[in-house]
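This report concerns only the one structure given below.
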Amino acid sequence: MKILLRSLLILSVFSLIAGMMIVAVKGALAVAASMGLLEGISEPIRHYSPQASAAESEFDGYKVLSLAGRWILSMGKNTFVISILVAAIVFPRNVLRKLKNPRRT
Amino acid sequence: MSTGEMRSAPSQTKSKLWVDIIIFIVFLITMAPHLSGLPVHEWLSLSMIFGMTVHLLINWDWVIRVSRRFFGGLNMQTRVNYVLNWLFFIGGTLIMISGIMISEVAIPSLGLNLVGRGWYKLHELSTDAVLILLGIHTALHWGWIVSTFSRYLIQPVLKLFVARDRRDTAA
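Residue numbers (the working numbering), protein chains in the order written: chain A, 1156 to 1260; chain B, 17 to 187.
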């Protein structure tokens, strides 16, 4: 019961923030449209096609290797961004800690 | 702390570790929609609501404790951590909502058509922002990550090798 209530609370906060975002964005878009700021700006054309997706997923050894390589690169890229931030924050903090307490190893 | 509570602390830490590892892997997969395909990307992203809820439930005590004492006796790092976590939550909500608004597979399959202008760019920007916030969140919890990984993943594997060496030596 406790877990259910906490989950509902979390989802309520999520819904509240989501609702506020939707109102804010729609309001901003309406104001921008009325000021003519959206003219000439187009959304990218996105049409998901299950048939095209199925055709692309037909087994081909070369395609599988290429896809695996791109997966590794994509995950590596995102992990690299996170690693840079971690190094940029953790390393100076450790150095400061050692400078403050030189006897602590 | 009672004996029961002491016994449950390591298992809770292990649960936190595995939940966080799964969330991280799912996050990395959802960050590559052109590779995973739109259906996988959209349905997996929607499941992140569940992952986020579980993560918050596991860390509920910390959230409540810090929320109560935010304007009282807390060190600056904890306050910064708390504010960043809120930003992370808001950023994640923005990714989710903008993703729902531009959904082409998951949401239409539920019979809804929510196509809205301007949400695509917002989805891209919020994803970049959350990636940076994830890096900062990871950095602020780095000590915990390293010690928990070492205790629950690396050391058990090393113990297996040591046990095997001892068996081979004894034989």
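Cβ coordinates follow ideal geometry from the N, Cα and C atoms, glycine included.
- Any Cβ of chain A closer than 8 Å to the Cβ of residue 47 of chain B would place that residue at the interface, and such an atom is present.
- Under the Cβ distance rule, residue 155 of chain B counts among the residues neighbouring chain A, one pair being separated by less than 8 Å.
- Taking a C-beta distance under 8 Å as the contact criterion, residue 135 of chain B and residue 166 of chain B do not qualify as a contact pair.
- In chain order, 113 make up the part of chain B whose C-beta sits under 7 Å from the C-beta of residue 1177 of chain A.
- When C-beta atoms of the segment 149-160 of chain B are compared with those of the segment 96-111 of chain B, three or more pairs fall below 8 Å, so the two segments count as touching.
- When secondary structure is reduced to three states using DSSP, residue 85 of chain B falls in the coil class, being assigned neither helix nor strand.
- About 17 Å separates the beta carbon of residue 164 of chain B from that of residue 1237 of chain A, a gap too long to meet the 8 Å contact definition.
- Chain B places a beta carbon closer than 8 Å to that of residue 1241 of chain A, counting this residue as a contact.
- Straight through space, the alpha carbons of residue 169 of chain B and residue 177 of chain B are spaced by roughly 13 Å.
- Contact of residue 109 of chain B with chain A by beta-carbon distance below 8 Å involves 1169, 1172, 1173 and 1176.
- Listed in chain order, the positions of the segment 84-95 of chain B with a beta carbon within less than 9 Å of a beta carbon of chain A would be empty, since no residue qualifies.
- Per the Cβ contact rule, the segment 76-91 of chain B is not in contact with the segment 1174-1185 of chain A (fewer than 3 Cβ pairs under 8 Å).
- The three-state secondary structure of residue 1178 of chain A, taken from DSSP, is helix.
- Note on residue 144 of chain B: under 16 other CB atoms within 10 angstroms of its CB, so exposed under the neighbour-count rule.
- Chain B places a beta carbon closer than 8 Å to that of residue 1161 of chain A, counting this residue as a contact.
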